[in-house]
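Chemist:
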Amino acid sequence: MTRARLFLPLSAFAALAVFLYLGFTLRDPHLLPSALLDKPFPDFDLPLLGANGKRATRSSLTGEVRLVNVWATWCPTCLAEHGELLGIGARTGLSIVGVNYKDDAAKAVDWLARYGDPYDFNVVDANGDLGVELGVYGAPETFLVDADGFIRYKHVGAVTAAVWREKLEPAIQSLDTP
Amino acid sequence: MKRYAAPWLLIGLAACLGASAIDGFDLPDAETAARYQRLIAEFRCPKCLNESLASSGAPIAEDLRRAVRRLIEEGGSDDSIRAYLQERYGNFVLYDPPFTPATWLLWLSPLVLAGVALVILIWAARRRPAASLTVAERERAERLLQNAE
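Line order of the protein sequences matches chains U and P. For the first sequence, my numbering gives the first residue as 810, with consecutive numbering after it. For the second sequence, my numbering gives the first residue as -17, with consecutive numbering after it.
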C-alpha cells in the first residue's frame, strides 16, 4: 500500500500533463466556428461604395461563385492581404466582392485607388450591422459564397498564398464537384 | 474642503450623464432596460475574451449591444436572442456553455471529484479502527505519560 502511494504524486503529475497537452492541441478558441456555414448569405440592403447611392442586396451576390472579403482602411492586415487578393483576381478571374466594414467611404475609395482594386463591387457596411449578421469579429474575414448565395467556407485573418492554396482553392474545387 | 465639493459634484454629474448616454439607451420602460442589461451581461465579447458585452468598450461589443437592443425591440424572446448570437458567434459568446462533447468533462468534473473524495473518505474511515490503540497500548501510554510528569 505504502509503496503504491509513493506513485500518487507522479500519477497526479501525469494526469495534469495530459490535460495541459490536450489544451495545446485544442483549436484556438479565438477562431470561432461559423455556424453560418452552408446557410444562405444574410439578407442586406446596403449602398455600393463610390456608386452615388446605388444599392446592393443579397441577390447581387448570386449567379456565380464569389469570395466576399470584409475589409477596412483602418485594418493593417487587410493591406497585407491586398496583394494576394489582387493576384487571385488577376490569375483566376474569380469574382471578389468587398464588404467595407465600419469605415469611412471617402478613405476607402482613396485606398482602392492607391493600392489597386480587386473587387467587382464593394458594399458599405458603415455601422457593422452586416458584420454582426455574418458573425464578423474583426477584419479581414473572407467568405466563400456559392452561386446560390450559400456560405461554403470562412477564413478569419489574412488571405495569404498558403491560405489560398491549402484552404480556399480546394474549397472552391469541391464546389464544382458536388 | 467644502468649496472644492461643487466642481467634484459637477464632474460626478457629468460622468453619470456620459454613462447614461452609452448605457441608458432610452429603452421604453425600466423592465425592458433591465432585461437589456441582463442579456448583454450574459454574453462574452467575441473580440476581448474576458469581458461581457456589457462591460466591453470594443466596437464589436457596441455593435452586438445594438443587435441585442434591436432584437428586444422586435419582440424577440431571451432564447431567440441567445440563439441569434450563438448562430453567428458560436458557443464561445455564451458565458454559460451548453453540454457538448467538448465540454462534458468540464461539466462532470465536480461530480467525478466529489466521487473521488467520497472514496477516499470511506477508505480513511475504514482504516481508522486499525490505527487506534489497543487496551494494553493505552495503559502503557498512560503509564509513560505519568512517569514523564
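Note that beta-carbon positions come from the ideal geometry of N, C-alpha and C, so glycine has one too. All of these numbers come straight from a predicted model, not from anything done at the bench.
#1: Does the Cβ-Cβ distance between GLU893 of chain U and PRO949 of chain U come in under 7 Å?
#2: Any beta carbon of chain P sitting closer than 7 Å to that of GLY944 of chain U?
#3: On the three-state DSSP scale, how would you describe TRP883 of chain U?
#4: So, is ASN909 of chain U buried or exposed, given that buried needs 16 or more other C-beta atoms within 10 angstroms?
#5: Just checking PRO80 of chain P against the ligand NAP - is the residue's beta carbon closer than 6 Å to any of the ligand's heavy atoms?
#6: In terms of DSSP beta bridges, what is VAL972 of chain U paired with?
#7: Could you confirm whether any beta carbon from chain A is found closer than 7 Å to the beta carbon of VAL908 of chain U?
#8: Let me confirm a value: ALA98 of chain P is counted as buried when at least 16 other C-beta atoms fall within 10 Å, else exposed. Which label applies?
#9: Quick one: residues in its chain with C-beta nearer than 7 Å to the C-beta of THR871 of chain U, no 5 flanking neighbours on either side, listed in chain order?
#10: Specify, as a first and last residue, the run of the alpha helix (DSSP H) that ALA824 of chain U falls within.
#11: Mind checking whether VAL941 of chain U and ASP45 of chain P have CB atoms under 7 Å apart?
#12: CB LEU67 of chain P to CB PHE25 of chain P, shorter than 7 Å?
#13: Under DSSP, the alpha helix (DSSP H) around ALA935 of chain U begins and ends at which residues?
#14: Within the chosen definition, does the stretch 15 to 35 of chain P reach the stretch 920 to 937 of chain U through at least 3 CB pairs nearer than 8 Å?
#15: Can you find the residues in the same chain that come closer than 7 Å, C-beta to C-beta, to ALA970 of chain U, ignoring five residues on each side of it along the sequence?
#16: Here's a check: name, in chain order, each residue in its chain whose Cβ is nearer than 7 Å to the Cβ of TYR71 of chain P, leaving out the five neighbours to either side.
#17: Is the beta carbon of THR951 of chain U less than 7 Å from the beta carbon of ASN878 of chain U?
#18: What does a CB cutoff of less than 7 Å around GLY898 of chain U pick up in its chain, not counting 5 residues either side in sequence?
#19: Run the CB neighbour count on THR116 of chain P, radius 10 Å, all protein chains shown included, and call it buried at 16 or more, exposed below.
#20: Between the alpha carbons of ASN936 of chain U and LEU103 of chain P, how many angstroms are there, rounded?
#21: Please go through the same chain and pick out, in chain order, the residues whose beta-carbon is closer than 6 Å to the beta-carbon of TYR924 of chain U, but skip the five residues on each side of it.
#22: Could you tell me the alpha carbon to alpha carbon distance between ALA980 of chain U and SER62 of chain P, rounded to whole angstroms?
#23: Which class does LYS916 of chain U belong to by DSSP, given the choice of helix, strand or coil?
#24: Alpha carbon to alpha carbon, how far is SER37 of chain P from ARG17 of chain P? Give it in angstroms, no decimals.
#25: Can you tell me the Cβ-Cβ gap for THR886 of chain U and ALA967 of chain U, rounded? I've got them flagged as a contact below 8 Å.
#26: Tell me the DSSP secondary structure of GLU119 of chain P in three-state form.
Modeler: In terms of the structure at hand:
#1: Contact flag unset, no.
#2: Yes, GLY944 of chain U counts as interfacial toward chain P.
#3: DSSP places TRP883 of chain U in coil when its eight states are reduced to three.
#4: Classification of ASN909 of chain U: buried, given that the 10 Å Cβ count is 16 or more.
#5: This structure lacks the ligand NAP; in fact it carries no ligand of any kind.
#6: DSSP, once it has assigned bridges, lists no residue as partnering VAL972 of chain U.
#7: Absent from the structure: chain A. Protein chains present are U and P.
#8: The sequence given here has Val at residue 98 of chain P, not Ala. With fewer than 16 other CB atoms across the displayed protein chains lying within 10 angstroms of its CB, VAL98 of chain P is exposed.
#9: Excluding positions up to five away in sequence, the list reads ALA956, ASP957, GLY958.
#10: In the DSSP annotation of this structure, the continuous segment of the alpha helix (DSSP H) that includes ALA824 of chain U starts and ends at 817 to 834.
#11: Going by C-beta atoms, VAL941 of chain U is nearer than 7 Å to ASP45 of chain P.
#12: Going by C-beta atoms, LEU67 of chain P is nearer than 7 Å to PHE25 of chain P.
#13: Taken as a continuous stretch (DSSP letters only), ALA935 of chain U belongs to no alpha helix (DSSP H), as it is neither H nor E.
#14: The stretch 15 to 35 of chain P makes no contact with the stretch 920 to 937 of chain U; the number of CB pairs closer than 8 Å stays below 3.
#15: So the list reads GLU893, once near-sequence residues are dropped.
#16: Same-chain partners within the cutoff: PRO28.
#17: Yes. Within cutoff.
#18: The beta carbon of GLY898 of chain U is closer than 7 Å to those of ILE905, PRO927 in its chain, skipping five residues each way along the sequence.
#19: So THR116 of chain P ends up on the exposed side.
#20: Taking the straight line joining both Cα atoms gives about 59 Å.
#21: Around TYR924 of chain U: HIS891.
#22: Straight through space, the alpha carbons of SER62 of chain P and ALA980 of chain U are spaced by roughly 32 Å.
#23: Three-state result, LYS916 of chain U: helix.
#24: About 16 Å.
#25: With a Cβ gap of about 5 Å, THR886 of chain U and ALA967 of chain U count as contacting.
#26: The answer is helix: DSSP assigns GLU119 of chain P an H, G or I state.
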